[in-house]
Structure formats: C-alpha cells, structure tokens
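In the UniProt record's numbering, the protein residues as written are 1 to 460.
Idealized CB from N, CA, C, for every residue including glycine.
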C-alpha cells in the first residue's frame, strides 16, 4: 500500500505592516537577481461599462480607479536557471525556472468606494478583509496624500519600495509580466506613483519610461499568438501544468520562500481546507495517482446529468459565472480539462508499484534573507509543519495569480522562439477589442507632469 504523500502549499511570503520594514532589503535583493517580474492585484472595483473607443475607455477606468482602492498585490520573481539560447531557438531541453512569490496586503488610509459585486466575489473566494484592515501596509493613494509631505510620510513605505523597484528594473532591464493587466498596472500607478493622467497618451508615455524593459501580457500571448480558445488565468495555468506533466520532460519549476524575521512574523495556522483558486478541487488527493484522480473525476462527471456534460458552460469559457459557488454545475478545472483535452493517461505516469519503489525527491526552499537552504522531505514535513508554513493558502489570492501568470509566461518561453517573443512585448490585451494597447513612445505625447517630477527624483 503506497505511503501517504504530503504536498507543500504554495511557497510565498506575506508582507504586512508588521514585517515590511525588515523585508524591504531581502525583497529588493531578490528582484535584482530576477530575469522577469510577474504582478497581479486585488481591488475594490471594476468599470461597469466597457467603451469601444480606447480613449473613452481609459478615462472611465481612471475615474473608477481614482475612487476605489487596492487591497493586495502579488509579485513573483522569475529566475531563469537554464543556459542562454540563441534568438532563433526555443528554450533548450531541461530548462529550469525558480520562483519567489510575495503577497503584499495593503490598507488605504483614505476614503474609498467599493463595488458590492466585486467585494462579494472576493469574499466568496477567500480574501480575508479582516486581515487586510488589521495587518495591511498603510498607504495613501497618490491623489489623496492627507499629510502633504509626500515620500516623507510614514504611510508611503510602499511608494518608496516601488520607486526602488523601478530603479532596479531599469538598471537590470527586467520586463514586467501581467495577465490581462491593464487594470493591475493602473491600480499600481494610482496607488504608489502618481494620480492617473487625464489622457491615455500621457499614461502610455509614462509607462514607456517607467518600464523601459517592457511589459508582456500573457492574455495577449494566449489569445492572439497561441490562439487559445480559452484564455482565463486559472484555465491556462492548469492546462499548461498538465501539458508539462504529459511531456515527461526534465523541466524544473520550483518555488522559494523569503522568510520574514521571527520578530516580525504573524501567527498564521495553516488552512485546513486549502483549494486552488476558482476551483472546487483540493490541492492534493493524498494517495491518488494522476490516473486514479482522473477516474474519480470521470465517475463524478458521468453522474452529473444536469447538463450534457455536467460542466458550467459560462465558467468553462470565461472563468466565472453569475451563480458563483452556488452553481449546481461543475467549476472544477480538472474536469473541464478532462473534457477539453481528453482523459488519456499521461506517458509520465507511474504505477503505484513504481511510485512505491521510487525515491522521493526532496523540496528545497531557499531563505533569501539569509542565503540558507532548507530541505524538506515527505517524512519530515508533517512534524515540522509549523516551522515551514509562513501563512495559510487562500482560495483567491494575488500571490497565486502572480505565480500562475509567471508559470504561463515560462511556458511560452519554452514553446516560442525568442525572437518571436520579443515582437509581442508592450502589447496589452483589451477586452472586447481585436487590437492590443501598444505601449510605444510617441512624438505627439509627452509624459505627465507628475511622473516627470518623480522621474527627476529617481534618475537625476
């Protein structure tokens, strides 16, 4: 009988008002070593209407973002461990990526508005508002600094951190990775840099200078370049994760953890019911092999006759449905992928006997603040659980969205020619529009006055 297998939760560091001062330098050191940075945000409101004209759409979005707030943002540093290839080659076999995942809880000190539907969605998917308001890093949005003393205000540690990040990514030529990320970028700009410019052309000019190494949008890469019929974040992540398992390659993707100083740590017992974002499936099925898991899903799949497939069609296509978790149909992405890709056995799957006799590979987490490696095996993880888990995994979280974005981007790096990848930089996906928003320098648009002032301080 196979031994019970224990899987690590997503390795990430939660950054709060209590520990941020001790983590600033380790975070900046991590970013200095990265080749790419993926970001994602959680916020209090979307624009209720989507204008067809891009200038009008930008003004509507900016109006909403100025009056709403950022709750948290995730940042994943991507380290390419593989050898450099030529521009006309894909990543060589055996490519290796390492990720360091961070989640910043942020607490706006100013009055802000919330969209009830947006808050309901976040609450249903596990966002802990009590934790945000109790432990979040205080900040004052750029257009509403109540103290009037700018960066000297203690509430603006996040603004100072982001300005330091800008310096690093400029000096090191580090691209930013987002997924359908126009709103993410706008919320970060409004929260930590300056009030959003009135005109789209000025905003684009600002971004070109702020992120000189460019921005990749994995939503654009998926829909326009890879022609994916479904392109919402969790679906792409689960699909590409499954494909990499099926390929049985020597690819390596691992996560590292920045451990906060013990004096700054918050007591956070592990969640007893951790689940993947926007799915109803648990993180791990203990003893089950991949083929056993698929057989269980197939049985459940065949038993649900509420529709022809038992799958919620709207969720399957878009990643959400109006009924949310009350929907009677399946939102399970593994079942959806079984239906979309077929339930063939992966060539890399082993029999239970083979798994019993195979040596379990230890997981190494690197403490980036001390340089010390910590090796965890299945035999030692349970007894040391309180020691290595920093914070509970939530069903819906910015850090996991940032990680999924990073994973998807690394998939494209491994399947596309490098010279082709470079042609798709600075193209942001636009909902319900056939063309992307191009971030290009223009002779007809100047950077905004606020950004010009900040730039003069950053790069005198």
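Inset, instruction - Could you say which of 204, 217, 210 lies nearest to residue 177 if we only look at CA atoms? - result: 217
Inset, instruction - Entirely within the segment 1-60 and at least 3 residues each: give me those beta strand (DSSP E) ranges in chain order. - result: 13-15, 36-43
Legend entry - residue 324 versus residue 124 - alpha carbon distance: 8 Å
Inset, instruction - Starting from residue 137, trace the beta strand (DSSP E) both ways and give me its first and last residue. - result: 137-139
Inset, instruction - Report the option in 112, 110, 30 whose CA atom is closest to the CA atom of residue 174. - result: 30
Inset, instruction - Measure the C-alpha to C-alpha separation of residue 341 and residue 445 and round it to an integer number of angstroms. - result: 46 Å
Inset, instruction - Given a cut-off of 7 Å, decide if residue 61 and residue 187 are closer than it, judged by their beta-carbon atoms. - result: no
Legend entry - Close-in-space but distant-in-sequence residues of the same chain around residue 38 (CB under 6 Å, 5 per side omitted): 76, 177, 402, 405, 406
Legend entry - Segment contact flag, the segment 181-196 with the segment 228-243, C-beta cutoff 8 Å, min 3 pairs: With a cut-off of 8 Å, the segment 228-243 and the segment 181-196 do not count as touching, because too few Cβ pairs lie within range.
Inset, instruction - Take residue 46 as the anchor and find which of 102, 17, 116, 34 has the nearest alpha-carbon. - result: 116
Inset, instruction - State yes or no: is the C-beta of residue 220 within less than 7 Å of the C-beta of residue 436? - result: yes
Inset, instruction - Might you give, ordered along the chain, the residues of its own chain that have their beta carbon closer than 6 Å to the beta carbon of residue 191, omitting 5 neighbours on each side? - result: The residues are 70, 141.
Inset, instruction - Check each candidate in 161, 208, 102 and name the one with the smallest Cα separation from residue 496. - result: Not covered by the structure: residue 496. The range shown for the chain is 1 to 460.
Inset, instruction - Flag this pair as yes or no: are the beta carbons of residue 74 and residue 411 separated by less than 7 Å? - result: No; because the gap between Cβ atoms is not below 7 Å, this pair is not in contact.
Inset, instruction - Look at the Cβ atom of residue 439, then the Cβ atom of residue 207, and state whether they are nearer than 7 Å. - result: yes
Legend entry - Where the beta strand (DSSP E) through residue 96 begins and ends: Note, residue 96: beta strand (DSSP E), 96-108.
Inset, instruction - Measure the Cβ-Cβ separation of residue 68 and residue 96 and say whether it is below 7 Å. - result: no
Legend entry - Among 243, 223, 326, 456, the one whose alpha carbon lies nearest that of residue 424: 223
Legend entry - N- and C-terminal bounds of the beta strand (DSSP E) containing residue 226: Careful: residue 226 lies outside any beta strand (DSSP E) and carries neither H nor E.
Inset, instruction - Work out the CA separation of residue 164 and residue 107 for me, nearest whole Å. - result: 20 Å
Legend entry - Check whether residue 78 and residue 35 have beta carbons under 7 Å apart: In this structure, residue 78 lies near residue 35, with their beta-carbon atoms less than 7 Å apart.
Inset, instruction - Go ahead and label residue 449 buried or exposed: buried means 16 or more other beta carbons lie within 10 angstroms of its beta carbon, across all protein chains shown. - result: exposed
Inset, instruction - Quickly, what does DSSP pair residue 215 with across the bridge? List them, please. - result: 176
Inset, instruction - May I ask you to report which of helix, strand or coil DSSP gives residue 324? - result: helix
Inset, instruction - Tell whether a beta-carbon distance below 7 Å holds between residue 337 and residue 238. - result: yes
Inset, instruction - Grab the span of the alpha helix (DSSP H) containing residue 80 for me, first residue to last. - result: From DSSP, residue 80 is part of no alpha helix (DSSP H) but of the beta strand (DSSP E) over 70-80.
Inset, instruction - Under the assumption that residue 428 contacts residue 132 (Cβ atoms under 8 Å), give the Cβ distance between them as a whole number of angstroms. - result: Incorrect: roughly 27 Å between the Cβ atoms, too far for contact.
Legend entry - Beta-carbon gap between residue 138 and residue 160 smaller than 7 Å: Contact: no.
Legend entry - Test item: CB-CB of residue 72 and residue 23 under 7 Å: No, they are not a contact pair.
Legend entry - residue 360 versus residue 245 - alpha carbon distance: For residue 360, the predicted structure reports a pLDDT of 40, less than 50, and the residue's modelled location is therefore unreliable. The matter cannot be settled from this model.
Legend entry - N-terminal and C-terminal residue of the alpha helix (DSSP H) that residue 409 is part of: 398-415
Legend entry - Where residue 425 falls: helix, strand or coil (DSSP): coil
Legend entry - Among 19, 318, 225, 158, the one whose alpha carbon lies nearest that of residue 420: 225
Inset, instruction - Would you tell me roughly how many angstroms separate the C-alpha atoms of residue 315 and residue 212, rounded to the nearest one? - result: 36 Å
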